[in-house]
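Student: All residue numbers for the sequence shown refer to this note's numbering, where the first residue is 1111 and numbers rise by one. All residues carry an ideal CB built from backbone N, CA and C; glycine is no exception. Owing to the predicted nature of the structure, the values given are computational and were not obtained by experimental measurement. The structure is given below, and queries will be raised subsequently.
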Amino acid sequence: MTTAIIGVGNIGSPLARHLVGGGEPVVLAAKDESRTEALADELGPLAGAASVEDAIAGADAVVFAVWLDTIEELIAKDARLLESKVVVDPSNPLGFDESGQMIRTLPEGQSAGSVVAARLPAGAHYVKAFGTLVADSLASGANREPRRAVLFYATDDDAAATTIERLIRAAGFEPLKAGGLGDAGRLEMPGGDLHQAGLNGALLDLDEARTAAAAAEVTS
Ligand SMILES: NC(=O)c1ccc[n+]([C@@H]2O[C@H](COP(=O)([O-])OP(=O)(O)OC[C@H]3O[C@@H](n4cnc5c(N)ncnc54)[C@H](OP(=O)(O)O)[C@@H]3O)[C@@H](O)[C@H]2O)c1
């Protein structure tokens, strides 16, 4: 099972490192191929680098660790390659205004997940995951002791759930399903109650995460 990681920035790089550390083969793609080649060399024999198209074509699961507008562009270009793949979406509905301020790019109540899922071919297996921690926490929070930190995920798709649970465990975290595609917004920022930013910066263990997920369900 190979995972393509598209984008090796704040999220894609630590994720690649964690997955390789957990024994998962990865293939890395970005705009700048020299960067993906250097990272793949550093990570060793389980990691490779390729063009975006080749990375997707050769993978079972594809993590789009790029900004939402880039995910939309790449899906439009490579939709046929995504048939039957598990597509992992860590994106937030965020962008920058003309003065460089970070802003919400979608109307309140519309999740980035709903936008990404709607653009995928019918045979793709969508899951929202790997975006619930800020990048520093994702990088430093793997394999915590005595109890692992939780990464929430959301999907309507059983195959995607099985794959993301394996990948989250391999990456050194504990998976917890927060719901289906309709709950994706809970895992995004701004506004998601199960995003680290909505949890006052906390990393949760499994018991704490179950309580947080249930408490929010009761109040929502
Ligand atoms: N940063 C966070 O704390 C955080 C937390 C949770 C979720 N997220 C979400 O995770 C996603 C990635 O965020 P990030 O902070 O990791 O972004 P980032 O550091 O800006 O990295 C973006 C990556 O996308 C690549 N890229 C850009 N255009 C591309 C294209 N056309 N084809 C292939 N690769 C392309 C860039 O490649 P080059 O380097 O070659 O240009 C770069 O590796 C976003 O959707 C964000 O909302 C981020």
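Short of 6 Å in beta carbon distance, which residues of its chain neighbour T1273, apart from the five on each side in sequence? Order them along the chain.
Tutor: Closer than 6 Å at the Cβ level, and outside the excluded window around T1273, lie A1171 and V1196.
Student: Which residue's Cα is closest to the Cα of A1159: T1146, A1312, A1249 and K1187?
Tutor: Ranking T1146, A1312, A1249 and K1187 by Cα distance to A1159 puts T1146 first.
Student: Taking three-plus beta-carbon pairs below 8 Å as touching, is the stretch 1257-1269 in contact with the stretch 1283-1298?
Tutor: Yes, since at least three Cβ pairs between the stretch 1257-1269 and the stretch 1283-1298 fall closer than 8 Å, the two stretches touch.
Student: Should E1193 be flagged as near chain B, meaning a C-beta pair shorter than 8 Å?
Tutor: Absence of chain B from the displayed structure is noted, only one protein chain being present.
Student: Would you decide whether P1200 is buried or exposed? Buried here means 16 or more other CB atoms lie within 10 Å of its CB.
Tutor: With 16 or more other Cβ atoms within 10 Å, it is buried.
Student: Suppose contacts are defined by Cβ-Cβ distances below 8 Å. Is N1120 in contact with A1269 by that definition?
Tutor: No, Cβ-Cβ distance for N1120 and A1269 is not below 8 Å.
Student: At a threshold of 7 Å, does P1135 count as lining ligand 1 (C-beta to nearest heavy atom)?
Tutor: Checking every heavy atom of ligand 1 against the Cβ of P1135, none is found closer than 7 Å.
Student: Alpha carbons only, please: which of G1308, L1156, D1266 and G1210 is nearest the one belonging to P1135?
Tutor: Cα-wise, what sits closest to P1135 is L1156.
Student: At the level of alpha carbons, what is the spacing between D1267 and D1293?
Tutor: Each residue's Cα considered, the two are about 13 Å apart.
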